[in-house]
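Colleague:
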Amino acid sequence: MESYELIIVGAGAAGLAAGIYGARSGLKTLIIEEKLAGGTTGDAPIVENYPGFASISGGELAEKMVQHCKKTGVVFRELEPVVSLDLKGEKKIVKTSRTEYEAMAIIIATGAHYRELNVKGELEFKGKGVSYCGVCDGPFFKGKRVVVVGGGNTACTTTLYLSGLAGEVLVVHRKGEFRAEKALVSDIETKSNVKIMWNNELTEIKGDKVVKSVMLINGQTGETSEVPVDGVFVQIGESPNSVQALEAGVAPADDECAINVDMHQRTNLPGVFAAGDVTNHPVMQIGTAVGQGITAALEAYSYIRRPYYRI
Ligand SMILES: Cc1cc2nc3c(=O)[nH]c(=O)nc-3n(C[C@H](O)[C@H](O)[C@H](O)COP(=O)(O)OP(=O)(O)OC[C@H]3O[C@@H](n4cnc5c(N)ncnc54)[C@H](O)[C@@H]3O)c2cc1C
């Protein structure tokens with residue numbers, strides 16, 4: 038079995054930042070990634086909120102992070118999904134599709150996936166008007182007409198955020214009321230540029246090079262309509278990629294199965310840390326994932342080497 042001091046699962050922003058700090062601290066560090074390294078950052082068409090880069094494609098930013106991390110001497114295993122974890126003993130055992138590894142400490146940085154609508158046109162117009170993140174992409178729709186799909190807290194928060202940027206925000210919700218906090222709903226009611234389309238479902242996204250319209254069906258009347266819009270924000274929740282960690286005894290923070298971490302990125306199990314979108318951190322951005330990855334790596338260093346001083 039290959040042996041390391043630190044294993045990081047997931048080579049996105051959190052995992053790569055952790056890798057850089059782990060290797061630079063002198064830890065024998067391995068990153069295991071089920072796809073090619075880079076993570077969700079690579080899915081962002083344009084990133085305009087990562088300090089140091091006024092505007093950069095997500096693909097380029099992700100590649101820069103990967104190359105930086107590789108330079109520090111981290112060992113990479115790509116296209117190798119982690120299938121199970123044994124985390125309760127002193128040695129953490131990581132089983133992949135290919136083999137097994139062991140380490141003194143582990144950082145879970147497996148990210149999350151946004152829930153999709155699975156309607157015609159969604160895949161085709163991803164990044165061309167279809168977005169899953171208001172904070173990331175809202176500023177691209179200044180003064181334009183956008184639609185938000187969903188009826189929970191995330192959809193309502195995104196609606197409020199977009200109401201300050203877009204010309205008009207249409208909210209498409211398949212029920213007749215929101216299942217969100219009252220304060221959010223009351224706030225939405227005060228926004229003159231927000232229109233709620235109750236009992237409607239979005240059935241198709243249309244366009245040419247970019248989104249031009251959406252097809253809706255009213256669940257009560259069966260009536261269909263085509264509504265011209267510039268952007269579609271799908272806000273029906275996100276799921277952390279935490280299955281293997283939870284199966285190994287890592288405690289979730291809530292029903293959504295995000296990994297519960299403290300401010301040191303520690304989980305409930307000694308030597309097991311988590312960082313980025315897979316955790317219960319309230320913000321899911323590249324910058325916050327990087328920050329959590331750094332903390333997790335430095336805490337893992339203290340856990341492994343147990344120096345008498347604090348770094
Ligand atoms: C379309 C889009 C646009 C965005 N735009 C912006 C933006 O403009 N600005 C911004 O700050 N944020 C943006 N975000 C959010 C940002 O990309 C994420 O918050 C951030 O990348 C999360 O980093 P992470 O390392 O936690 O997770 P990820 O980047 O998702 O990395 C997790 C990695 O773990 C791997 N993995 C998962 N399970 C396993 C397994 N079992 N075995 C091995 N590997 C595994 C995954 O393949 C992935 O590479 C955007 C997100 C999306 C989807």
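In the working numbering, the protein residues as written are 38 to 348. Backbone N, C-alpha and C define an ideal beta-carbon position, used for all residues, glycine too.
Any chance the CB of G324 is under 7 Å from a heavy atom of ligand 1?
Modeller: yes
Colleague: Quick check: what's the CA-CA separation for V247 versus E263?
Modeller: 16 Å
Colleague: Candidates F177, E137 and G52: which alpha carbon is nearest E85's?
Modeller: Measuring C-alpha to C-alpha distances from E85 to each of F177, E137 and G52 identifies F177 as the nearest.
Colleague: Helix, strand or coil for G328 per DSSP?
Modeller: helix
Colleague: Going by beta-carbon coordinates alone, are V186 and Q257 separated by less than 8 Å?
Modeller: no
Colleague: Using a Cβ-Cβ cutoff of less than 8 Å, which residues in the same chain neighbour V103 once the five nearest sequence positions on both sides are dropped?
Modeller: A48, L53, A74 and G75
Colleague: Any idea if T227 is buried or exposed, counting beta-carbon neighbours within 10 angstroms, 16 or more meaning buried?
Modeller: exposed
Colleague: Consult DSSP for V46 and reduce its assignment to one of helix, strand or coil.
Modeller: strand
Colleague: For a quick check, are the C-beta atoms of A312 and A142 less than 8 Å apart?
Modeller: no
Colleague: Quick check: the Cα distance between R303 and L160, rounded to an integer number of angstroms?
Modeller: 36 Å
Colleague: Please check the pair N317 and V298, which I expect to be a contact at CB under 8 Å, by giving their CB distance rounded to whole angstroms.
Modeller: Correct: roughly 7 Å between the Cβ atoms.
Colleague: DSSP puts N237 in a beta bridge; with which residues?
Modeller: N255
Colleague: On the premise that A295 lies in contact with V315, defined as a C-beta separation below 8 Å, what is that separation, rounded to the nearest angstrom?
Modeller: 7 Å
Colleague: Could you give the residue range of the beta strand (DSSP E) that holds G268?
Modeller: G268 to V271
Colleague: Which residue wins for smallest C-alpha separation from K129, given the options L306, Q322, I348 and R342?
Modeller: L306
Colleague: Starting from the C-beta of A25, find all residues in its chain whose C-beta is less than 6 Å away, skip the five residues before and the five after it, and write them out in chain order.
Modeller: Past the boundaries of the shown model lies residue 25; the chain is included only from 38 to 348, so the question cannot be answered.
Colleague: So, at 8 Å on beta carbons, what are the nonlocal neighbours of S229 in its own chain, with the 5 sequence-adjacent residues on each side left out?
Modeller: none
Colleague: From C361 to M234, what distance separates their C-alpha atoms?
Modeller: With the chain running from 38 to 348 in the structure shown, residue 361 is simply not present.
Colleague: Can you find a heavy atom of ligand 1 that lies under 7 Å from the Cβ of C294?
Modeller: Answer for C294: no, Cβ out of range of ligand 1.
Colleague: Measure the Cβ-Cβ separation of N190 and L221 and say whether it is below 8 Å.
Modeller: yes
Colleague: Under the rule that 16 or more other beta-carbon atoms within 10 Å means buried, what is L253, buried or exposed?
Modeller: buried
Colleague: Quick check: is any heavy atom of ligand 1 less than 7 Å from the C-beta of A333?
Modeller: Because no heavy atom of ligand 1 lies under 7 Å away, the Cβ of A333 does not count as near it: no.
Colleague: Taking K219 as part of the alpha helix (DSSP H), name the residues at either end of that continuous run.
Modeller: K219 to E226
Colleague: If the criterion is Cβ atoms closer than 8 Å, does the pair V184 and V156 meet it?
Modeller: no
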